[in-house]
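Contents: one structure, followed by commentary.
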Amino acid sequence: MNDKKFWFTFGVILIVFIIYWLLGHPHFIVERVTMFYAILLAASMLIYYINKAKRGEKIYLRTIPGLKAFEEAVGRATEMGKPVLYVPGIVDMDQVETVAGVIILGHVAKMTARYETALNVPVARSIVMKAGRESVRESYIMEGRPDLFNEDMVHYLTDDQFAYAAGVNGIMMREKPAAVFYQGKFYAESLILAETGNSIGAIQIAGTASPAQIPFFVTACDYTLIGEEFFAASAYLSQDPKLIGAVKGMDVLKFMIIGLIVLSIFLRLFYDLGWINFDILKYLTIQ
Amino acid sequence: MKKLADLVIKLGYVDRRWIFLIIAVVVMYPLFKPLGLPIRPTESSQEVFNTIEALPQGSKVLLSCDYGPSTKPEIHPMAVGVLRHLFEKGHQVYVTCLWPDGQFMARDALDQVAENEYGLNYGEDYVLLGFRPGNEAVIKGIVSDIRKMYTIDSRAIPIGDIPMMKDIKNISDFDLLFSASAGYPGTVEWVQLAADPTGITMSSGVTSIQVNEVMPYVDAGQIKGILAGMPGAAEYEKLIGKPGIGTSGMDAQSIAHIVIVMFIIFGNIAFYLERQRSKKTF
Amino acid sequence: MFWKRQIPIAIVALVGTITLFGWFIDQPDIKSFVDDDATQWYDILASFAIFLGALNLLKLQMQKIIKRKKGWQYSIFAIGGFLFAITAGFLMRGAYTVNINSVGDTPEVVAQVMAEETEFTTNESEVLLGLIDDDSPLPLEKVYMTGKGVNKVANKIIASGASAEIIPENWGAHLTKKDGLFNWMFFKVFTPLSATMFALLAFLVASASYRAFRIRNFEATLLLVSGIIIMLGRVPIGSKISSWFVLYILALLLGVIVNSWKSNKILTFSTVGIGLLVVTIAGFYMGWPIDKPAFAYLPSLQEWIYLVPNIAGARAIMIGIGLGVFATSIRYILGIEKSYIGE
Numbered sequence: 084m085n086d087k088k089f090w091f092t093f094g095v096i097l098i099v100f101i102i103y104w105l106l107g108h109p110h111f112i113v114e115r116v117t118m119f120y121a122i123l124l125a126a127s128m129l130i131y132y133i134n135k136a137k138r139g140e141k142i143y144l145r146t147i148p149g150l151k152a153f154e155e156a157v158g159r160a161t162e163m164g165k166p167v168l169y170v171p172g173i174v175d176m177d178q179v180e181t182v183a184g185v186i187i188l189g190h191v192a193k194m195t196a197r198y199e200t201a202l203n204v205p206v207a208r209s210i211v212m213k214a215g216r217e218s219v220r221e222s223y224i225m226e227g228r229p230d231l232f233n234e235d236m237v238h239y240l241t242d243d244q245f246a247y248a249a250g251v252n253g254i255m256m257r258e259k260p261a262a263v264f265y266q267g268k269f270y271a272e273s274l275i276l277a278e279t280g281n282s283i284g285a286i287q288i289a290g291t292a293s294p295a296q297i298p299f300f301v302t303a304c305d306y307t308l309i310g311e312e313f314f315a316a317s318a319y320l321s322q323d324p325k326l327i328g329a330v331k332g333m334d335v336l337k338f339m340i341i342g343l344i345v346l347s348i349f350l351r352l353f354y355d356l357g358w359i360n361f362d363i364l365k366y367l368t369i370q
Numbered sequence: 011m012k013k014l015a016d017l018v019i020k021l022g023y024v025d026r027r028w029i030f031l032i033i034a035v036v037v038m039y040p041l042f043k044p045l046g047l048p049i050r051p052t053e054s055s056q057e058v059f060n061t062i063e064a065l066p067q068g069s070k071v072l073l074s075c076d077y078g079p080s081t082k083p084e085i086h087p088m089a090v091g092v093l094r095h096l097f098e099k100g101h102q103v104y105v106t107c108l109w110p111d112g113q114f115m116a117r118d119a120l121d122q123v124a125e126n127e128y129g130l131n132y133g134e135d136y137v138l139l140g141f142r143p144g145n146e147a148v149i150k151g152i153v154s155d156i157r158k159m160y161t162i163d164s165r166a167i168p169i170g171d172i173p174m175m176k177d178i179k180n181i182s183d184f185d186l187l188f189s190a191s192a193g194y195p196g197t198v199e200w201v202q203l204a205a206d207p208t209g210i211t212m213s214s215g216v217t218s219i220q221v222n223e224v225m226p227y228v229d230a231g232q233i234k235g236i237l238a239g240m241p242g243a244a245e246y247e248k249l250i251g252k253p254g255i256g257t258s259g260m261d262a263q264s265i266a267h268i269v270i271v272m273f274i275i276f277g278n279i280a281f282y283l284e285r286q287r288s289k290k291t292f
Numbered sequence: 011m012f013w014k015r016q017i018p019i020a021i022v023a024l025v026g027t028i029t030l031f032g033w034f035i036d037q038p039d040i041k042s043f044v045d046d047d048a049t050q051w052y053d054i055l056a057s058f059a060i061f062l063g064a065l066n067l068l069k070l071q072m073q074k075i076i077k078r079k080k081g082w083q084y085s086i087f088a089i090g091g092f093l094f095a096i097t098a099g100f101l102m103r104g105a106y107t108v109n110i111n112s113v114g115d116t117p118e119v120v121a122q123v124m125a126e127e128t129e130f131t132t133n134e135s136e137v138l139l140g141l142i143d144d145d146s147p148l149p150l151e152k153v154y155m156t157g158k159g160v161n162k163v164a165n166k167i168i169a170s171g172a173s174a175e176i177i178p179e180n181w182g183a184h185l186t187k188k189d190g191l192f193n194w195m196f197f198k199v200f201t202p203l204s205a206t207m208f209a210l211l212a213f214l215v216a217s218a219s220y221r222a223f224r225i226r227n228f229e230a231t232l233l234l235v236s237g238i239i240i241m242l243g244r245v246p247i248g249s250k251i252s253s254w255f256v257l258y259i260l261a262l263l264l265g266v267i268v269n270s271w272k273s274n275k276i277l278t279f280s281t282v283g284i285g286l287l288v289v290t291i292a293g294f295y296m297g298w299p300i301d302k303p304a305f306a307y308l309p310s311l312q313e314w315i316y317l318v319p320n321i322a323g324a325r326a327i328m329i330g331i332g333l334g335v336f337a338t339s340i341r342y343i344l345g346i347e348k349s350y351i352g353e
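Residue numbers (our numbering), protein chains in the order written: chain E, 84 to 370; chain G, 11 to 292; chain F, 11 to 353.
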C-alpha cells in the first residue's frame, strides 16, 4: 500500500467512522473506545514505517546472534552430511507463534534447498503439516530445486504433547541431525527435546514466545530467540523492507508504551495526592 | 592436591547417566522411607484456602480440570484437595474439562473423593459436565450460555434432567471458578475470557513451570491466590488437614533439589579449578 | 491464480477484520460469529484435518515396515497402537454391565454365580438379591470389556434361574466408564507412558543444571544464585535452613568479592572477620530466630523473587510478545504477510 493509497484509505475510514459516531454509534461498546483508538494508532504506526522502509529508507536492526547462526547451522549440517531437524512447536495454526514458526521454516527450507541438505519437519497438528508443506514447497521452487522437495519432509507424528516429544527424540537419536531448530510454541517438553538435542551434539537454535520455556531453551540451546526476536526473525532472514519496517514500527510502539507507563505513574500519583481530578486508570482499564 | 584437582575437573565432565542414576536413587529413597519434613503454607496457597473458606454454604463452584496424565502428580493432588475442601463445606461442584484427558482425571478425582470418601449423590452434589472441543470457544460458551456448550453431561444424561443444573444458565450463576491447569487452554484463558470480563471470583492451581506466566494475574488481583506445583498441592493438603500424594512427594522433591544444588556447586568448583589451571598455563 | 491468491488473501483480510473489530460491536450476530462460530469453524476444520495427519502417519510407518528401513520394528508398535486406540474408541464399546431383573426360584444358585463375578460373598449376594423388585433391578458391580465376556456371564445367570439383561454403556460415555476398555487403555497404558516422559524432566533438569549453571559472567551468576534460592526455598527443607546460615555464607562471599577486586590478603581477612563478627553479634542480640532477618530466609526470599523481579520480567516479556502477536496479525490482515499461500 503506497502513501497516496494509505492516506486515501485512512481518510475514508476516518470519515465513515465520524459519520457513524455522529449518528449515535449504534452497537458500539463505548467502554472499549480507548482500545479502539489504540489499535488504530498502532496499526497506523506499523503501516507508516512499512511504507517508509518500502521507499528505501535505511532502517537499523541490531544484530541478533541467534539469527546469524541460522545459516551457520545449516552449513554445519551440510558439511557433516547430516539432516536438519525443524520443530515448529506443538500447537495448531490458530496460535500466532506457530504461524511465525512456519514462516521461519520457509526461510530455513530455502537454505536447505540451496545447500542440498536433508530437511526433516515432524509436526504435531495436521493443519500445520499442510501449511508447512506449502511453505517448504514454495521455498524449494523459489530456489530452483523442486526436484529435491518431497512431501514427506513435513510429516505428522501425533497430537499428544509427550508422545510427540518421544517421537522427535526418537528421530534425533536415530538420524542424529547436525542442526536442530525449535521455532514455535512449546510447553513442558521443551527441555526434553533440547537436552536430547544437546546429547547428540547438534547445534540448536530455539525461538519461542512462551515465557515459561525460554529459560529451558536458554540453558540447553546454543542460541535462543526470546519473545519479540522470534517474531522479528522473518524480517531479519528475508531482509524484506516491509517486514523490517514492521519491526521498526513495533519498536516505536514499545517506546510509546513505555512513555505512557511513566506518564500514567505520575498522573495516578497526582490523582492519589488529590492534585488532579483525572483518573488515568479509568481510561486504561479495558472492559 | 593436584590429583584431587584433576579428579574434580574430570568429574566436571562426568557422563550424564551417572547424574541420572544418582537422581533416581535420591528420589526413590524418601518414597520408601518418608522423612516427614514440615510443610509451610505460603501466602498464595493461604489465599486460595481463604477464598474457599469464605464461600457461603451451598455455593456453586465451577471446577475446570485442564490437565492430563503427564502432569497428574502435580495437579491431581490439588484437584483432590480442593474437592475435599468444597465437599467438606457442603458446596455444589460442577466439573468441566478443556482437555480431553482432563475428563479422565476429573472422573478419577470425583470417584475417589465424592463417591468413595463422602458418598455424595451425582447430579445433586456434583456433576461432571465433561470435555468439549473448542478451547477458548468453550469458555466463551460457558460465559454466555452453558446449555449451548452442554446438552448432555459426561454420562450422556440430558442437562435438563440434572437437578443441580436447574438454575445454571451461565458463568454468573457460579460463586467461584477454580482452574486446575497444566497449560493451554487453562488458567490464562479462563482469566482473560471469564474471570476478568464477568468479575467472577477465581482461584487456580498450576504446574510449577506455569507459575511465572500466571503470577501477573495473581498480583493484579484477577486470580485470588495460586497453588504452585506440587509444593502448592502439599501446602493446601496441610491447610485442609488431609495429607495426600502432594505431601508424600515433597520429601523426594526436597532431597532432589538439594542434590541438584550440590551438583551445581560441585560443577562450579570444577569449572573454577579448570579456569585457574588454564590461566596458569598461559 | 485468482483462486490461489486473491481469494485466500480476501478471506484472511475479511475474517481478520471482522474478528478484530467485532470485539467493539455489541450486535448479536457479529458477537456470535466472533465468539462462537469463527472458533468452531476452525475446530471443525482441524477435526477433519486429523484424517490427513493420521493417513500420513500410517503411510510413513507402513513404508518403513514394507521397505524394512532402520527401526522398522518400532513402526509395528506405532501402527498397532493406532489401530487399538481406534478400535477401543470408535468400534468397540468395551463397557458392558449386567442387570439382574428377577431372582427366580433358586436364589442361592444365583448368589453363587454373583459371588464368582463380584467381590461379594455368597451370603452378601443373597441379601442383595433379596432387594430386587420390579422397579429396581440389581446391577452387577463389574464392567465387561467384550460382548462375548458379558454374554457368558449373562447366560450363566439365566442358566441359574434368574433373568438378566445386558446393559451396554452409551456411546461417548463408554470412554470414561470405569474398568471399560478405553478407560483401561487410558490408565494402564497411556497414563504410565505420559508420566514416564514427564518424569524424564527430573533427570534432564539435573543434567542441564549441572552443565549450564556455571559462573561465567554476571548474568550467569545471577541465574545461578536465584536458581539455588528458588530450588531450596520452594521445598520444605528450605524452611529448615536458618537465615543466619545464609548470612554467614554471604559474609564469606563478600570476602571472595573483595579478594577478586583488591587481591589483598589483609583486606580480605578483615572483611570476612568483620562480617562474621557482625552476623554473630546480631544473632545473639536477636536470639537466633530461624526466619529472621527475612531477607536471608530462603522461603521469604524466594517469594520475593517470585513476586517482584519475576513478575516484572514476565510482564515485560508479555508486553513484548503481545506487540509481536499484534504486529504479525496486522501483517496478515493487511495482506503484507502471505506465507500461508506460499509467497
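Ideal Cβ placement from N, Cα and C applies to all residues, glycine included.
Non-local beta-carbon contacts of M88(G) in its own chain, meaning distances under 8 angstroms to residues more than five positions away in sequence, involve A190, G215, L237, G242, A243, Y246, G256 in chain order. Per DSSP, the unbroken alpha helix (DSSP H) holding A89(G) starts and ends at 82-98. Pairwise C-beta distances place the region 262-275 of chain E in contact with the region 283-291 of chain E, as three or more of them are shorter than 8 angstroms. Residue contact check for H86(G) against chain F: no CB pair falls below 8 angstroms.
Contacts with chain F (Cβ-Cβ distance below 9 angstroms) from the region 86-107 of chain E involve no residue at all.
Within a 10 Å sphere around the beta-carbon of M272(G) sit fewer than 16 other beta-carbons, which makes this residue exposed. Within the region 157-174 of chain G, S164, R165, A166 place their CB atoms closer than 7 angstroms to a CB of chain F, listed in sequence order. Our two residues, R208(E) and D111(G), have alpha carbons roughly 17 angstroms apart in a direct line. Take L262(F), set aside five residues on each side of it, and the residues of its chain with a beta-carbon closer than 7 angstroms to its own are V282, in chain order. Excluding sequence positions up to five before and after I86(F), its CB lies within less than 8 angstroms of the CB of I75, all in the same chain and listed in chain order.
A residue is called buried when at least 16 other Cβ atoms come within 10 angstroms of its Cβ; M11(G) does not meet this threshold and is exposed. Against chain G, the CB of A295(E) has a partner CB under 8 angstroms away; the residue lies at that interface. Counting along the chain, the unbroken beta strand (DSSP E) around S173(F) starts and ends at 173-178. When Cβ pairs closer than 8 angstroms are counted between the two stretches, the region 130-140 of chain G is seen not to touch the region 133-150 of chain F, the count staying below three.
If you look at M102(F), you'll find it isn't in any alpha helix (DSSP H); DSSP assigns it neither H nor E. Excluding its 5 nearest sequence neighbours in each direction, G243(F) has C-beta neighbours in its own chain below 7 angstroms: L308, P309, L311, Q312, listed in chain order.
In terms of beta-carbon proximity, Y265(E) stays away from the interface with chain F, with every pair separated by 8 angstroms or more. For Y39(G), the enclosing alpha helix (DSSP H) covers residues 26-42. Residue range 221-229 is occupied by the alpha helix (DSSP H) that includes D229(G). Counting along the chain, Q73(F) sits inside the alpha helix (DSSP H) bounded by residues 48-76.
Cβ-Cβ distances below 8 angstroms link D230(E) to nothing in the same chain once the five nearest sequence neighbours on each side are left out. Excluding sequence positions up to five before and after V71(G), its CB lies within less than 6 angstroms of the CB of L96, H101, V103, L186, all in the same chain and listed in chain order. In terms of beta-carbon proximity, E223(G) lines the interface with chain E, with at least one pair separated by less than 8 angstroms. Here I110(F) is bridged, per DSSP, to L148(F), A174(F). Listed along the chain, the chain G residues whose CB falls inside 9 angstroms of the CB of M328(F) are E223, P226.
Counting other Cβ atoms within 10 Å of its Cβ, W254(F) reaches 16 or more and is therefore classed as buried. Of F223(F), Q73(F), V268(F), A172(F), the smallest CA-CA separation from Y282(G) is found for F223(F). Taking a 10 Å sphere around the C-beta of W51(F), we find fewer than 16 other C-beta atoms and assign the residue as exposed. Burial check for L274(E): the Cβ neighbour count within 10 Å reaches 16 or more, so the residue is buried. Taking a Cβ-Cβ cut-off of 8 angstroms, the neighbours of Q220(G) in chain E comprise A295, given in sequence order. Residue environment analysis places S127(E) among the exposed positions, since fewer than 16 neighbouring C-beta atoms fall within 10 angstroms of its C-beta. Among the CB atoms of chain G, none fall inside 8 angstroms of the CB of A329(E). K158(F) sits in a helix when the DSSP states are folded into three classes. With respect to chain E, the C-beta atom of S80(G) has a partner C-beta closer than 8 angstroms.
A contact between stretches requires three or more CB pairs, one per stretch, nearer than 8 angstroms, and the region 233-250 of chain E meets this requirement with the region 211-222 of chain E. K151(E) places its beta carbon 8 angstroms or farther from that of P260(E).
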